[in-house]
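Numbering (the numbering used here), first residue to last: 459 to 730.
Okay, so here's the structure we're looking at.
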Amino acid sequence: MNIFQVALIQPLTNGLILFYNLTFQNMGLAIIAFSLFLRFVLNPLTAPYMASMKKIKEVEPLVAKLKLKYKEDKKGLMTAQTELYKQRGINPSAGCLPYILQIVILIALFNVFTQVLSQNGDAISKLNSMLYAPLKFAENVTLNTRFLYMDVRLPDVFNVSGIPFPIPGPILILAGLLQFLSAKMMQPMVKKEEKIAKDTKGGADDMAVAMQSSMIYTFPAMTILFGIKFPSGLALYWLLFSVFQMYQQYKSSGWGGLAPFVKRLGLIQLKP
């Protein structure tokens, strides 16, 4: 085994199987429980990021003024903005590590589902090669990979006669929807930057704003498009990830871009 397998894939595989044994040998429940455990472990690491995002939101009006003041002096703007962040104790890069780690974990989980929990006849042998001694299965064991309507080893899709492409299933659609809602909660920051970008020459701000705005739609679309090919267990994990992401965003910045919609539902009262 290579270092990636030893450091990530093997521990994640053993963790998943441990929760499989603790959740009545149901792989779907194991994925849910294991996802909650991973979020609990990673949550302290995301605290610096959320604190930094909250501070950045608080100084947005000051940053907007700096962009107007230095709209023809990119170097001066960078220096002034860096100094402002330093004075307010803001580290824009804080919390990058846990989010990079989450992507690495997602890649590792993809390997777990595609390589270890395969449908091949030697699935248990491959799985046992990754498991620590106390968790190894007997060779004649069959894993319970059914959860609700799906097999977590297979994509969450439906094939309809007459339609040349697979239709995304409910879990996959919900994961993409929650990704979209989470991105919308961050949209006010994007909207405030758009006017400043238009007033700032050089195109740098316009590019940053365009990238932020496009992420609102590209991430959910990528979730669904990739999910059509990936095991539904990953879609289930990503769904739970999106729920926690929305919760953390709400704690940091409130409803954000979702506030008008939530108001129309009568769930909150917005201040004039």
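Backbone N, C-alpha and C fix where the C-beta goes; we use that ideal spot for every residue, glycine too.
All values derive from a computational prediction rather than experimental measurement.
Closest in C-alpha terms to lysine 513, from the list Leu542, Ala679, Gly715, comes Leu542. Residue nearest to phenylalanine 719 within the set Ile558, Lys515, Ile563, Lys642 is Lys642 (criterion: CA-CA distance). In the structure shown, arginine 497 falls within a helical segment according to DSSP collapsed to helix, strand and coil.
Excluding its 5 nearest sequence neighbours in each direction, leucine 567 has C-beta neighbours in its own chain below 7 angstroms: Leu470, Leu692, Tyr695, listed in chain order. For alanine 591, no alpha helix (DSSP H) encloses it, and the DSSP letter there is neither H nor E.
Per the DSSP secondary-structure output, isoleucine 625 pairs in a beta bridge with Phe616. A straight-line Cα-Cα distance of about 19 angstroms links tyrosine 590 and threonine 481. Leaving aside the five residues that flank alanine 491 on each side, the residues in its chain whose CB is nearer than 6 angstroms to its CB run, in chain order, Phe477, Thr481. Note that the C-beta distance between leucine 636 and leucine 683 is not below 8 angstroms. For the pair phenylalanine 688 and proline 613, the Cα-to-Cα distance works out to about 5 angstroms.
Counting along the chain, alanine 522 sits inside the alpha helix (DSSP H) bounded by residues 518 to 527. In this structure, the straight-line span from the alpha carbon of phenylalanine 677 to that of glycine 634 is close to 8 angstroms. Taking 8 angstroms as the cut-off, the beta carbon of serine 640 is found no closer than this to the beta carbon of glutamine 545.
Ranked by Cα distance from phenylalanine 571, the options Lys721, Ile475, Ser711 are led by Ile475. Isoleucine 625 places its beta carbon less than 8 angstroms from that of valine 618. Check the Cα spacing between asparagine 602 and each of Leu535, Val615, Ser587, Ile582: the tightest is with Ile582. Its chain contains Lys513 as the residues whose beta carbon lies nearer than 8 angstroms to that of glycine 547, once the 5 sequence neighbours on both sides are disregarded; these appear in chain order. Remark: C-beta atoms of methionine 485 and valine 610 approach each other more closely than 8 angstroms.
Where valine 464 is concerned, there is no enclosing alpha helix (DSSP H), because DSSP gives it neither an H nor an E.
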